[in-house]
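> Quick one: this structure, given as structure tokens, is what I'll be asking you about.
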Amino acid sequence: KSKCNSAALVELNNHAGAAISRLKKIHPPAHIIIISPRHKMFEELAGKFSKYPEFDRTFNHQKNPQSMDMIQEKGESSNPMHKE
């Protein structure tokens, strides 16, 4: 198994049971642990939540903007299904 070098703590507004049910349906490619208020660890984590650093939560849907520019410079379509 490979070692994980990063982690994130995210506060959810959803009910823990609903979040767990949703995760079971989508099978994300990550290890996710949901700690609900029923767990003893919840209060400890919630109390320290403001001490953890923020991270950029935005997501850029374009995989690699530079590679798209290179494709367009070569005269190729950005849509691989597009035929002229």
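For the sequence shown, the numbering used here begins at 4 and goes up steadily by one.
C-beta: ideal position from N, C-alpha, C; glycine also.
Are the beta-carbon atoms belonging to alanine 19 and arginine 41 less than 9 Å from one another?
Taking 9 Å as the Cβ cut-off, alanine 19 and arginine 41 qualify as a contacting pair.
> Taking the straight line between their C-alpha atoms, what separation do you get for aspartate 72 and glycine 50?
Only weak support exists for where aspartate 72 lies, its pLDDT of 49 falling under 50; the coordinates are left without a value.
> Using the three-state DSSP reduction, which class does alanine 19 fall into: helix, strand or coil?
Here alanine 19 sits in helix by DSSP.
> How far does the alpha helix (DSSP H) with lysine 6 in it reach, from first residue to last?
No alpha helix (DSSP H) contains lysine 6, which DSSP labels as neither H nor E.
> Report the option in Lys6, Ser5 and Leu12 whose CA atom is closest to the CA atom of serine 39.
Out of Lys6, Ser5 and Leu12, Leu12 has the C-alpha closest to the C-alpha of serine 39.
> Please return the same chain residues whose Cβ sits closer than 8 Å to the Cβ of isoleucine 23, not counting the five positions on each side in sequence.
Excluding residues within five positions, the ones whose Cβ falls inside 8 Å are Ile37.
> Suppose you measure from the CA of glutamate 14 to the CA of tyrosine 55; what does that come to, to the nearest Å?
Glutamate 14 and tyrosine 55: Cα-Cα distance of roughly 12 Å.
> When you compare only the Cα positions, how much space is there between histidine 30 and threonine 61?
Their Cα atoms are separated by approximately 21 Å.
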